[in-house]
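One structure below.
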Amino acid sequence: MSVPAAVYSVDELQKEFLELSEEFKELESVNQEYLELLEGLEDLQTKCTKNINHQRYRLNEISKNLKLNQKKSRTVEEKQQIAQLENKLLKKKAQLNEIEQSLPQKNSLYLKIILGDVNVSILNRNDKVRYKDDYEKFKLILNVIGLAMSFLNLVFNNRALELAFIFLLVWYYCTLTIRESILKVNGSRIKGWWRLHHFISTVSAGVLLVWPQGETWQLFRLQFMYFNVYISIVQYLQFGYQKGLLYRLKALGERHDMDITIEGFHSWMWRGLSFLLPFLYGGYIFQIYNSWTLYQLSKHPEASWQIPVLSLCFLILFIGNTVTTSLTIPQKMKGKSKDRYRLMSLSWALQMRQQIKGEKTERTRTDSVSSHLHSNANSPGTSEPSTPLEHSTETAKDK
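Mapping the sequence shown onto full-length UniProt numbering, position 174 (from 1) lands on 174, and the numbers just tick up by one.
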């Protein structure tokens, strides 16, 4: 049973409005302070960006001269000094990258075309990790849906079901290209090929959508559905691997003893890759098989223009995937020291943020205690009377 609303007199309402006006003045003061901080923040961001560019320029100059000295160096001592300086340069570059991630970045041309001049930079580290995690979950959910629809298309030969599945592929890959572009702006090290891969996949799905139903489509239909079943399973395995990497990178970034934990991280990474690689290369072989099948179908009397275009798309995907994956393995082996310094800089940045947060908390606690003591000293044993509306609100909350 609802409690009937209390009716207040005009004088009481007038008093309530006056108190509200006083509170509004406080809100205006806080808002003014907020706007001033925003202006100061923009100035600091510009200053940081200029300093980062200056640091990078000088680091590049040192690196160039170091390479020249490396060719001329003769003594063992000089070689050791050069090696030490190279390690220091790597560490400094990693720290600069870490600082840069806390600053807003410019959108890519693709994002400007799709979203306009909207700032998509995520400045909070936890929000970045959350967005990356959401991206992986999005892929997982859509892969499960795609796997289910592929199975249904294997069981039922229904044109509406086929078109629904292919339209899902078009939407999925379009969305991936946008999300990956946002990740790139926010410091993701995703390779250019994988982004291009999803652009080509979007085009391929669009061509599939307009491929007319006929004998050639029926000859390729089952093979394409089996291919999607296999790819969905492989992408599920990739999801597990990526989740493991994200979890361990986050754990490593929060620890202090990076020299010990980095070895365990690389050991786990190589175990995961050695398990995943055969499935990846199996998918690449399936792509070249699709390309070959479509090439043969292009000779069919009823072949349409979609068939050779799709054959070329699958061929490009096979070449790009195989070359990129094959080149990534030795790069990961060589990049061990870079990963160490990147993770060390991550730990350094987190420690700095925690220290700043701790100082702010301590300052807030001190100010609160001082304010409380000052209030008690000025008005001992008194309290401000509540207004009728405040009293009724508190009573409603208690109920």
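Built from N, CA and C at the ideal position, the CB exists for glycine as well. This one's a predicted model, so the numbers in the text were calculated from it and none came from an experiment.
Check                                                                                                                                                                    : Outcome
Rounded to whole angstroms, what's the CA-CA distance from Leu111 to Lys79? Just pull it up for me.                                                                      : 46 Å
For Gly146 versus Asn51, is the C-beta distance shorter than 8 Å?                                                                                                        : no
Let me make sure I understand the geometry here. Which of Thr328, Gln218 and Gln296 has the alpha-carbon closest to that of Pro308?                                      : Gln296
Look at Val185 and Gln105 and say whether their C-beta atoms are less than 8 Å apart.                                                                                    : yes
Tell me the start and end of each unbroken alpha helix (DSSP H) in the segment 1-82 that is at least 4 residues and wholly inside, in chain order.                       : 10-72
Taking all protein chains shown into account, decide if Ile202 is buried (16 or more other Cβ within 10 angstroms of its Cβ) or exposed.                                 : Note that residue 202 corresponds to Thr in the displayed sequence, not to Ile. Result: buried.
Which residue from Gly192, Val234, Leu315 and Ile113 puts its Cα closest to that of Lys139?                                                                              : Val234
Need the endpoints of the alpha helix (DSSP H) that Asp133 sits in, please.                                                                                              : Arg125 to Val155
The alpha helix (DSSP H) that contains Val203, what's its start and end?                                                                                                 : Gly192 to Leu209
Alpha carbon to alpha carbon, how far is Thr46 from Asn290?                                                                                                              : 51 Å
In the DSSP assignment, the alpha helix (DSSP H) including Lys106 goes from what residue to what residue?                                                                : First-last for Lys106: undefined, no H or E at that position.
Comparing alpha-carbon positions, which option in Lys92, Gly283 and Tyr236 lies nearest Phe314?                                                                          : Gly283
For residue 403, which residues from the same chain have a beta carbon less than 6 Å from its beta carbon, with the 5 sequence-adjacent residues on both sides left out? : Residue 403 lies beyond the residue range present for the chain, which begins at 1 and ends at 399; the question has no answer from this structure.
In three-state terms, what does DSSP make of Gly187?                                                                                                                     : coil
On the CB-based measure, 16 or more other CB atoms within 10 Å of its CB, does Lys72 come out buried or exposed?                                                         : exposed
Specify whether the segment 79-96 and the segment 24-43 touch according to this definition: at least 3 beta carbon pairs, one from each stretch, less than 8 Å apart.    : no
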